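K.L.:
In this note's numbering, the protein residues as written are 1218 to 1566. The beta carbon of each residue, even a glycine, is placed where N, CA and C say it ideally should be. For clarity, every value in this text was computed on a predicted model and none was experimentally measured.
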Amino acid sequence: MTSLQTLFGIDYPLIQAPLAGVQLHELAAAVSNFGALGSLPCAMLAPAALKEELLKLRAATAKPYNVNFFAHTNPEPDAEREAAWREALSPYYEEFGIDPSSIAAGPGRQPFSAAVADLLDEFRPKVVSFHFGLPAPELMQRVRGWGSRIIASATTVAEAQWLAERGVDAIIAQGAEAGGHRGIFLSDDLTTQIGTFSLVPQIARAVKVPVIAAGGIVDANGVAAAMALGAAGVQVGTAYMLCPEATTSALHRAALKSERARHTVLTNLLTGRPARGIINRVMHDLGPINAVAPEFPLATGGIAPLRAKAEAQGRDDFTTMWAGQNPDGCKEIPAAELTRDLVAGFATR
């Protein structure tokens, strides 16, 4: 099996997880310059912002990097469900003086598209990663035409096999401990989601491509454990959130440094899809998983003005504070230093 170092042109088989909302090019460049694979989260960037970040990333590093996109299908708006969502949030709108009729509906995250591929054609990144499955075959072919490697997240053995059948170069085994959105895409059944160290060996036995362990890995010991279970490399996200190169907000940083970081839950309230984050007021009040929330990414519209109003008062009642189940690795040190500490785990195998 080809190593990740050979596939991606990197020195260490470590990927910095794409951290949408808490990073831009600076973090990706720092990790890539160290010799691992930095990642730029692109799903929340408008075309002009995406191009600007790619230009800055290319100027900041000559090393390979990963660009990450979502591969979801935007749902048809459901007026009845949206009305029920606004009704569930109405006490908060009243509390913060928000007129619900003034809130624009619509998705806040766009899937990978032909227009995005046109933009990427100038950059031809070494690695392109996808979450929530894969884009259409013709878009996959365009990515391959650049010579880019394709990786994607799987949360079950069935998803890993599905991805392997479609020719991905490596599979990210996303355990239930991982922060941020679950990559689940073949079903909506959260009872199928298992821990990283149970998932990795099962996927490694089921597919013939390299497997990248993700979820709960925050130090060299975790890296070594993942490799011992059959992983070809690791992906680390939460541990990087306190690095100075990250754009993590003051509220989010404070939560990560507190005991609250030890209580994370899967919630669909903030975007419409299950994602792991530090519990906040709206999760506590409505329950972290609630059927009233519109499908991803439409739930974002109703929450966004509440988040803005609360954050202006220094409150994180509606703030997205994604985090994995192991906050102990979060350190306020430069990304290169953290990466150095992590890659020491490869030497202990």
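1. May I have the straight-line CA-CA distance separating I1429 from T1455, to the nearest angstrom?
2. If you follow the alpha helix (DSSP H) that P1258 is in, where does it begin and where does it stop?
3. Decide yes or no for the touch test of the segment 1303 to 1318 against the segment 1254 to 1262: beta carbon pairs closer than 8 Å, at least 3 of them.
4. Excluding five sequence neighbours on each side, which residues of the same chain lie with their C-beta closer than 8 Å to the C-beta of L1356?
5. Would M1538 be called buried (16 or more neighbouring beta carbons within 10 Å of its own) or exposed?
6. In this structure, how does DSSP classify L1559 when only helix, strand and coil are distinguished?
7. Report the residue from T1408, F1402, L1407, S1365 whose alpha carbon sits nearest the alpha carbon of A1387.
8. Please classify R1490: is it buried, with 16 or more other beta-carbons within 10 angstroms of its beta-carbon, or exposed?
9. Out of curiosity, what's the CA-to-CA distance linking A1423 and H1480?
10. What's the call for D1534, buried or exposed, on a 16-neighbour Cβ count within 10 Å?
11. Who does W1379 pair with in a DSSP beta bridge?
12. Take the Cβ of E1304 as the centre, count every other Cβ of all protein chains shown within 10 Å, and call the residue buried at 16 or more, exposed below.
13. With distances taken Cα to Cα, identify the nearest neighbour of A1393 among A1263, A1442, L1503, I1434.
14. Give me the DSSP bridge partner(s) of H1348.
15. In the structure shown, what three-state DSSP assignment does W1363 receive?
16. What does DSSP give as the partner residues of A1265 in its beta bridges?
17. In the DSSP assignment, the alpha helix (DSSP H) including I1520 goes from what residue to what residue?
18. If you measure between the beta carbons of H1398 and A1492, is that distance less than 8 Å?
19. Buried or exposed, going by whether 16 or more other CB atoms sit within 10 Å of the CB of D1338?
20. For G1450, list the residues DSSP reports as bridge partners.
21. Tell me whether L1236 sits in a helix, a strand or coil according to DSSP, three-state version.
22. Please report the residue range of the alpha helix (DSSP H) in which L1224 lies.
23. With a threshold of 7 Å on Cβ separation, who are the neighbours of A1552 within its own chain once the five nearest residues in sequence on each side are excluded?
24. Please state the DSSP three-state secondary structure of R1493.
25. Output yes or no for whether 8 Å exceeds the beta carbon distance between A1395 and G1546.
26. Are A1301 and V1509 touching if we call contact CB-CB under 8 Å?
27. Inspect the beta-carbon positions of L1407 and W1379 and report whether they are closer than 8 Å.
28. So the candidates are K1343, I1495, Q1391; which of them puts its Cα closest to the Cα of N1485?
29. Tell me which residues share the same chain as P1235 and place their Cβ nearer than 6 Å to its Cβ, disregarding the 5 neighbours each side in the sequence.
30. With a threshold of 16 other CB atoms inside 10 Å of the CB of Q1410, please say whether the residue is buried or exposed.
31. Can you name the start and end residues of the beta strand (DSSP E) that L1483 belongs to?
32. Applying the criterion that 16 or more other CB atoms from any shown protein chain within 10 Å of the CB defines a buried residue, is M1444 buried or exposed?
33. Round the Cβ separation of A1478 and P1544 to the nearest angstrom and send it over; I've been treating them as touching at under 8 Å.
34. Tell me whether Y1282 sits in a helix, a strand or coil according to DSSP, three-state version.
P.N.:
On the basis of the data shown:
1. Counted from its first residue, the sequence shown places residue 1429 at position 212. Counted from its first residue, the sequence shown places residue 1455 at position 238. Roughly 16 Å between the two C-alpha positions.
2. For the purposes of this step, residue 1258 is identified with residue 41 of the sequence shown, where counting begins at 1. Per DSSP, P1258 belongs to no alpha helix (DSSP H); it is in the beta strand (DSSP E), 1255 to 1258.
3. no
4. Residue numbering aside, residue 1356 sits at position 139 when the sequence shown is read from its first letter. Excluding sequence neighbours, L1356 sits near F1329, S1330, A1331, A1334.
5. Numbered from 1 along the sequence shown, position 321 holds the residue referred to as residue 1538. Buried: at least 16 other Cβ atoms inside 10 Å.
6. In the sequence shown, residue 1559 corresponds to position 342, counting from 1. Assigned with DSSP and collapsed to three states, L1559 falls in helix.
7. Reading the sequence shown from its first residue, position 170 is the one you call residue 1387. When only C-alpha atoms are compared, the closest one is S1365.
8. For this step, residue 1490 is matched to residue 273 along the sequence shown. R1490 counts as buried, since no fewer than 16 other beta carbons sit within 10 angstroms of its beta carbon.
9. Here residue 1423 refers to the residue found at position 206 of the sequence shown. Here residue 1480 refers to the residue found at position 263 of the sequence shown. Rounded to whole angstroms, A1423 to H1480 spans 33 Å at the Cα level.
10. If you number the sequence shown from 1, residue 1534 lands on position 317. The residue is buried, with at least 16 neighbouring Cβ atoms inside 10 Å.
11. By one-based count along the sequence shown, residue 1379 stands at place 162. DSSP output for W1379 lists no bridge partner at all.
12. Here residue 1304 refers to the residue found at position 87 when the sequence shown is read from its first residue. Burial check for E1304: the Cβ neighbour count within 10 Å stays below 16, so the residue is exposed.
13. Translated into positions along the sequence shown, residue 1393 becomes position 176. Of A1263, A1442, L1503, I1434, the residue nearest in Cα terms is I1434.
14. In the sequence shown, the residue the question calls residue 1348 occupies position 131. DSSP output for H1348 lists F1287 as bridge partner(s).
15. Here residue 1363 corresponds to residue number 146 of the sequence shown, with the count starting at 1. Correct three-state label for W1363: coil.
16. Numbered from its first residue, the sequence shown carries residue 1265 at position 48. The partner list for A1265 (beta bridge, DSSP) is empty, contrary to what the question assumes.
17. As a working mapping, residue 1520 is identified with position 303 in the sequence shown. For I1520, the enclosing alpha helix (DSSP H) covers residues 1516 to 1529.
18. Against the sequence shown, residue 1398 aligns to sequence position 181. Against the sequence shown, residue 1492 aligns to sequence position 275. The answer is yes: Cβ separation under 8 Å.
19. Here residue 1338 corresponds to residue number 121 of the sequence shown, with the count starting at 1. Exposed, because fewer than 16 other Cβ atoms sit within 10 Å of the Cβ of D1338.
20. Counted from its first residue, the sequence shown places residue 1450 at position 233. G1450 pairs with I1429.
21. The count along the sequence shown starts at 1 and reaches residue 1236 at position 19. Coil at L1236, not helix or strand.
22. Translated into the one-based positions of the sequence shown, residue 1224 becomes position 7. Counting along the chain, the alpha helix (DSSP H) containing L1224 begins and ends at 1221 to 1225.
23. Indexing the sequence shown from 1 puts residue 1552 at position 335. Contacts found: L1244, A1247, V1248, Y1457, C1460, E1462.
24. For the purposes of this step, residue 1493 is taken as the residue at position 276 of the sequence shown. Of the three classes helix, strand and coil, the one that applies to R1493 here is strand, per DSSP.
25. On the sequence shown, position 178 is the one that residue 1395 refers to. On the sequence shown, position 329 is the one that residue 1546 refers to. No, the Cβ-Cβ distance between A1395 and G1546 is not below 8 Å.
26. In the sequence shown, counting from the first residue as 1, residue 1301 sits at position 84. In the sequence shown, counting from the first residue as 1, residue 1509 sits at position 292. For A1301 and V1509, yes; Cβs fall inside 8 Å.
27. As a first step, residue 1407 is located in the sequence shown; it is residue number 190 there, counting from the start. As a first step, residue 1379 is located in the sequence shown; it is residue number 162 there, counting from the start. No, they are not a contact pair.
28. Looking up residue 1485 in the sequence shown gives position 268. Selected option, being the one with the closest Cα: I1495.
29. Here residue 1235 refers to the residue found at position 18 when the sequence shown is read from its first residue. Result list for P1235: S1256, P1258, N1285, in chain order.
30. Numbered from 1 along the sequence shown, position 193 holds the residue referred to as residue 1410. Q1410 comes out buried.
31. Counted from its first residue, the sequence shown places residue 1483 at position 266. Start and end: 1481 to 1484.
32. In the sequence shown, the residue the question calls residue 1444 occupies position 227. Taking all protein chains shown into account, M1444 has 16 or more neighbouring C-beta atoms within 10 Å of its C-beta and is therefore buried.
33. Mapped onto the sequence shown, residue 1478 falls at position 261. Mapped onto the sequence shown, residue 1544 falls at position 327. Yes, they are in contact, since the Cβ atoms of A1478 and P1544 sit about 4 Å apart, within 8 Å.
34. To locate residue 1282, count along the sequence shown from 1; it is residue 65. Strand at Y1282.
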